[in-house]
Amino acid sequence: MAREVGRAVVRARVLIRPKAGILDPQGQTVERALPALGFEGVRNVHVGRLIELDVDDPARLPEMCEALLANPLIEDYSIETPDP
Amino acid sequence: MRFGVIRFPGSCDERDAQLAASRVGDAEILWHQDRELGGVDAIIVPGGFSYGDHLRVGAIARFSPIMTAVDTFARSGGPVLGICNGFQVLCEAGLLPGALLPNVSLRFLCRQVELDVVSAASAWTRACLPGERLSVPVKHTTGRYYAPEPVLEEMAEHGQIVLRYAPGQNPNGSVGDIAGVSNAGGNVLGLMPHPEHAVDPLTGSTDGLKLFASAAAQTPVAA
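Protein sequence lines, in the order shown, are assigned to chains A and B.
One point on numbering: in my numbering, the residue at position 81 of the first sequence is 79, and numbering is uninterrupted.
The number in my numbering is simply the position in the second sequence, starting from 1, with 19 added.
Following this line, the structure appears as structure tokens:
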């Protein structure tokens, strides 16, 4: 798709995390490992993933998340774009 | 009865699935770039690691050209079986409810398990009796079935919970010990265990054959 003249590409970050309430054994494993190394006082660890992407139209990011980047049944996502 | 087994980049169980299906009918391999199903009567989406499991298991394979034809076939009542990675693909493609999460142990599991047939109404379990116990192997890292509670209730109501791990044998933490589920029509079945690896006495069990025989016993729906 051709980009509009003068329209800047936006560097976006999509943060994907396990949906609240769904068992997250990866987070639990990390949470158990930290005290073993002497890092006490750590709770509610969750492991997700970060997707960085340059997009012409950040307005389409939610759609991209719903269709592919996340599985909304098991994952929550948040979109970060630089302030305009 | 002609079975078509789809091969994606990264599939690894398509030959065993073909071999298993060929014991009850004819079976051929279909390539993921194909846009047509070649007139087969049933589709098998096999196990493996389609597209390297990139992003999420099964997430990319659903965009293969052949999946459009599989979607149409499934929605018109054609029998479709998703095994392991195939189950993950069918969930991601929206042909089956729910999703597969990493095993609670976070470990790869490879063992023989016993399954209870909950519903013998699906296209792939008709040759079984309700309550019958099948011995079939599992081998996966991402096999923890999950669906939200309201979805599970609806599935139970419509007989879509087809297979459960026998009591005490849930290997991965699946909700309700669920091992296999179908769509509302009962023609699409997905399961984590591998019936195609349980078709010969040499490997300990022939119980897996019953799934293929179930599909073979039906009148072909495709033209």
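Idealized CB from N, CA, C, for every residue including glycine.
Classify isoleucine 151 of chain B as helix, strand or coil using the three-state DSSP reduction.
-> Within the second sequence, the letter at position 132 stands for residue 151 of chain B. Note that residue 151 of chain B is glutamate in the sequence shown here, rather than isoleucine. Here glutamate 151 of chain B sits in coil by DSSP.
Go to aspartate 52 of chain A, then tell me how far its beta strand (DSSP E) extends in each direction, as first and last residue.
-> Sequence index remark: in the first sequence, residue 52 of chain A carries index 54 (1-based). Here the beta strand (DSSP E) through aspartate 52 of chain A covers 47 to 53.
Jot down the residue ranges of each uninterrupted beta strand (DSSP E) in the stretch 50 to 91 of chain B, minimum 3 residues, whole runs only, in chain order.
-> 61 to 64
Give every residue of the same chain whose Cβ lies closer than 7 Å to the Cβ of cysteine 110 of chain B, excluding the five residues on either side of it in the sequence, and list them in chain order.
-> Position 91 of the second sequence, counted from the first residue, corresponds to residue 110 of chain B. Excluding residues within five positions, the ones whose Cβ falls inside 7 Å are Gly77, Gly117, Ala118, Leu119 and Gly209.
Hey, how far is the Cα of alanine 241 of chain B from the Cα of valine 40 of chain A?
-> For this step, residue 241 of chain B is matched to residue 222 along the second sequence. For this step, residue 40 of chain A is matched to residue 42 along the first sequence. Unreliable positioning characterises alanine 241 of chain B in this predicted model, as indicated by a pLDDT of 46, which lies under 50. A coordinate reading is not provided.
DSSP bridge partner residues for leucine 210 of chain B (one or two, in chain order) = In the second sequence, the residue the question calls residue 210 of chain B occupies position 191. Partner(s): B:Ile102 and B:Gly199.
Considering glutamate 73 of chain A, what are the terminal residues of the beta strand (DSSP E) in which it resides?
-> Numbered from 1 along the first sequence, position 75 holds the residue referred to as residue 73 of chain A. Unbroken beta strand (DSSP E) run through glutamate 73 of chain A: 73 to 78.
Quick one: which chain A residues come within Cβ less than 7 Å of tyrosine 165 of chain B?
-> For the purposes of this step, residue 165 of chain B is taken as residue 146 along the second sequence, with counting starting at 1. Within chain A, the residues near tyrosine 165 of chain B are Ile20 and Ile72.
Which chain A residues sit within Cβ distance under 8 Å of valine 123 of chain B?
-> Counting from 1 along the second sequence, the entry for residue 123 of chain B is found at position 104. Under the 8 Å cutoff, chain A gives Leu21 and Pro23.
Answer with yes or no whether the minimum CB distance from asparagine 69 of chain A to chain B is below 7 Å.
-> Looking up residue 69 of chain A in the first sequence gives position 71. Judged by the 7 Å Cβ criterion, asparagine 69 of chain A is in contact with chain B.
How do the stretch 169 to 178 of chain B and the stretch 47 to 63 of chain B stand: do at least 3 beta-carbon pairs fall below 8 Å, yes or no?
-> no
Quick one, are the C-beta atoms of arginine 81 of chain B and alanine 36 of chain B less than 7 Å apart?
-> Within the second sequence, residue 81 of chain B is the residue found at index 62, counting from 1. Within the second sequence, residue 36 of chain B is the residue found at index 17, counting from 1. No. Outside cutoff.
Does the distance from the C-beta atom of glutamate 133 of chain B to that of alanine 88 of chain B stay below 7 Å?
-> The residue you call residue 133 of chain B lines up with position 114 of the second sequence. The residue you call residue 88 of chain B lines up with position 69 of the second sequence. No, Cβ-Cβ distance for glutamate 133 of chain B and alanine 88 of chain B is not below 7 Å.
Give the residues from the stretch 37 to 70 of chain A that approach chain B closer than 8 Å (Cβ to any Cβ), ordered along the chain.
-> Leu66, Leu67 and Asn69
What distance in whole Å lies between the Cβ atoms of leucine 125 of chain B and proline 23 of chain A, which are believed to be in contact at a cut-off of 8 Å?
-> Numbered from its first residue, the first sequence carries residue 23 of chain A at position 25. Numbered from its first residue, the second sequence carries residue 125 of chain B at position 106. Yes, they are in contact, since the Cβ atoms of proline 23 of chain A and leucine 125 of chain B sit about 5 Å apart, within 8 Å.
Rounded straight-line distance, which links the Cα of aspartate 54 of chain A to that of arginine 1 of chain A = Position 3 of the first sequence holds residue 1 of chain A. Position 56 of the first sequence holds residue 54 of chain A. No answer about arginine 1 of chain A holds up, because its pLDDT of 49 lies below 50 and its placement is not dependable.
Could you check the C-alpha separation between glycine 46 of chain A and glutamine 131 of chain B for me, to the nearest Å?
-> As a working mapping, residue 46 of chain A is identified with position 48 in the first sequence. As a working mapping, residue 131 of chain B is identified with position 112 in the second sequence. The alpha-carbon atoms of glycine 46 of chain A and glutamine 131 of chain B are separated by roughly 31 Å.
Positions along the stretch 187 to 217 of chain B whose CB lies within less than 8 Å of some CB in chain D | Checking the listed chains, one finds no chain D in this structure; the protein chains it contains are A and B.
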